[in-house]
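Residue numbers (the working numbering), protein chains in the order written: chain A, 1 to 316; chain B, 317 to 545. Cβ atoms here follow ideal geometry from the backbone N, Cα and C, with glycine treated the same way. Worksheet: one structure, shown below.
As structure tokens, this is what we get:
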């Protein structure tokens, strides 16, 4: 029955790996089951890491929406001198509109402003009975274009003021960037702290998965040696371990997404009560997008760390 | 099939396991490798399997200098070489069938081919009826035969055996030798490292003696002795 085979040294690796895929998956599941404590630890740390990353991404998203909204509402009011002629006023409007940083300019006449004020005050209209002259100046309401970098908007506003403050027909320029700066600073700080925590957690997750896989590899080192001696390629040996790490990442991501779903959906009212200005909202679509990201993260952590763990042990 | 030119192997602890070995073994030859313990027999076999590389010289298998093989090609070399290990190297948690199937599985054969080949190999070593047992439920001789079945299941061009009859009683040893000769009759080059004087003397095959890493004798239809020192 034994026939002499020709020496073959060709590369069949890819085809072999495809044919063996069922075996690889079976092996990795049996490794997972045998691994018990380390497997549970690895899945848990991945789940915790991904859960926190998920929370961070949710807050980050809403903070971003909030600051964009805030920025688009920032206006700079130019109070003009009452004696300004229509022509001069139009000149100022034109020059403002020609500036790169300006989005729109709205003229509010003293009459309109007065009416608005009356409307705003509502019931207390009678105080206007004591005023025989409209005290409000003509106003230009300038809206600036949105900026991406923090502090850039304020810079734009300052250069605008610098440019117009010497104009003899402008009484005063008024703006409110204080709140914006504070929001930007707080969100930046939160982002930095969260990023640092997440980096630490991701590193811990990497280490724990790395060790979990290493323990499986060491426990099976005899088997690996035999595999190598009977002609297994390195990839044949690697695949089950890599799939094992991948599955740990997948399960970790799955558990964290389940918890995150309930926290996101039902906890949102509580969040809005504590931080009402964020106006957080839950949509299935945004949750699914988030889940895709988190699953990818889990699978990347699991796969890369197990690849690194097995790499060290393949040199026989 | 197997050539060694000026092969010298010195281990990191300073032991000179092989000292300027020159040898040629032809296709379909049956060769006994004899010598006292520590003479370098196992190292000799390890060189052929490229488990280890010589410090000097070349090992040529089927016209190919295997030192120049890229690491990723080594598995493909090994698929042409069956090995029967001194310590069997069986997987204790796998059945006899799975232990033999293992060698085909790493090559990516499909299930039906694996089944057919494994049963044929087990039949050849007379263990087909024990295919579902585990190695620890078998005697030493039976474990040895599982190891042999694994080594020949993929019809290798070369079969290396390290003390295949060590610790076995004479009857079983003889059975195992008959299996090895059967394989050799079908064209496989067989190398047997052994201490078994009776078998070597009875079979009268080519005998290569190694003493202190040097070839002291190379004789066709030889007997068991280490030649002149």
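Between residue 272 of chain A and chain B, the shortest Cβ-Cβ separation is not below 8 Å. In terms of Cβ geometry, residue 318 of chain B and residue 400 of chain B do not form a close pair [threshold 8 Å]. Rounded to whole angstroms, the separation of the alpha carbons of residue 430 of chain B and residue 508 of chain B is 27 Å. Distance from the CA of residue 153 of chain A to the CA of residue 144 of chain A, rounded to the nearest whole angstrom, comes to 8 Å. Against residue 399 of chain B, the close residues of chain A are 229, 230, in the order they occur along the chain (beta-carbon pairs closer than 8 Å). The beta carbon of residue 215 of chain A is closer than 6 Å to those of 38 in its chain, skipping five residues each way along the sequence. Residue-level contact by beta carbon fails for residue 529 of chain B and chain A, as no gap is shorter than 8 Å.
Interface residue (Cβ-Cβ distance to chain B less than 8 Å): residue 223 of chain A is classified as such. Distance from the Cα of residue 72 of chain A is smallest, within the candidate group A:101, A:84, A:79, for A:101. Listed by position along chain B, the residues whose Cβ is nearer than 9 Å to that of residue 20 of chain A are 421, 422, 424. The continuous beta strand (DSSP E) containing residue 535 of chain B extends over residues 530-535.
Within the same chain, Cβ atoms closer than 6 Å to the Cβ of residue 412 of chain B are found at 446, 447, 449, 462, the five residues on either side in sequence being excluded.
Under the Cβ distance rule, residue 395 of chain B counts among the residues neighbouring chain A, one pair being separated by less than 8 Å.
In the DSSP assignment, residue 340 of chain B falls outside any alpha helix (DSSP H) and within the unbroken beta strand (DSSP E) covering 332-341. Straight through space, the alpha carbons of residue 241 of chain A and residue 46 of chain A are spaced by roughly 17 Å. Cβ neighbours of residue 67 of chain A within its own chain (closer than 7 Å, five residues either side excluded): 183, 184, 187.
Rounded to whole angstroms, the separation of the alpha carbons of residue 478 of chain B and residue 226 of chain A is 15 Å.
Chain-order list of chain A residues neighbouring residue 365 of chain B: 229, by C-beta distance under 9 Å. Spanning the alpha carbons of residue 357 of chain B and residue 375 of chain B requires a straight line of approximately 15 Å. Here the stretch 239-259 of chain A makes contact with the stretch 305-313 of chain A; the two share three or more CB pairs at distances below 8 Å. Segment contact: the stretch 155-164 of chain A against the stretch 191-199 of chain A, fewer than three CB-CB distances shorter than 8 Å; contact not assigned. In summary, the residues of the stretch 337-348 of chain B whose CB is separated from some CB of chain A by less than 9 Å are 343, 344, in the order they occur in the chain. In this structure, residue 297 of chain A keeps its C-beta atom at 8 Å or more from the C-beta atom of residue 40 of chain A. Residue range 139-144 is occupied by the beta strand (DSSP E) that includes residue 139 of chain A.
Restricting attention to A:92, A:138, A:119, the CA atom closest to the CA of residue 165 of chain A is found in A:92. Proximity of chain A to residue 407 of chain B at the Cβ level (cut-off 9 Å) is accounted for by 222, 223, 226, in chain order. 23: these are the residues of the stretch 21-34 of chain A whose beta carbon lies less than 8 Å from some beta carbon of chain B, given in chain order.
The C-beta distance from residue 472 of chain B to residue 504 of chain B rounds to 6 Å, short enough to fall under 8 Å. With contacts defined as CB atoms closer than 8 Å, residue 398 of chain B and residue 468 of chain B qualify as a contacting pair. The three-state secondary structure of residue 522 of chain B, taken from DSSP, is strand. DSSP, read as helix, strand or coil, puts residue 91 of chain A in helix.
Counting other Cβ atoms within 10 Å of its Cβ, residue 359 of chain B reaches 16 or more and is therefore classed as buried. A direct Cα-Cα distance of roughly 34 Å separates residue 105 of chain A from residue 272 of chain A.
Taken atom to atom, the span from the alpha-carbon of residue 329 of chain B to that of residue 529 of chain B is near 15 Å. Distance from the Cα of residue 33 of chain A is smallest, within the candidate group A:197, A:279, A:213, A:141, for A:213. At a Cβ-Cβ threshold of 8 Å, residue 373 of chain B and residue 321 of chain B count as neighbours.
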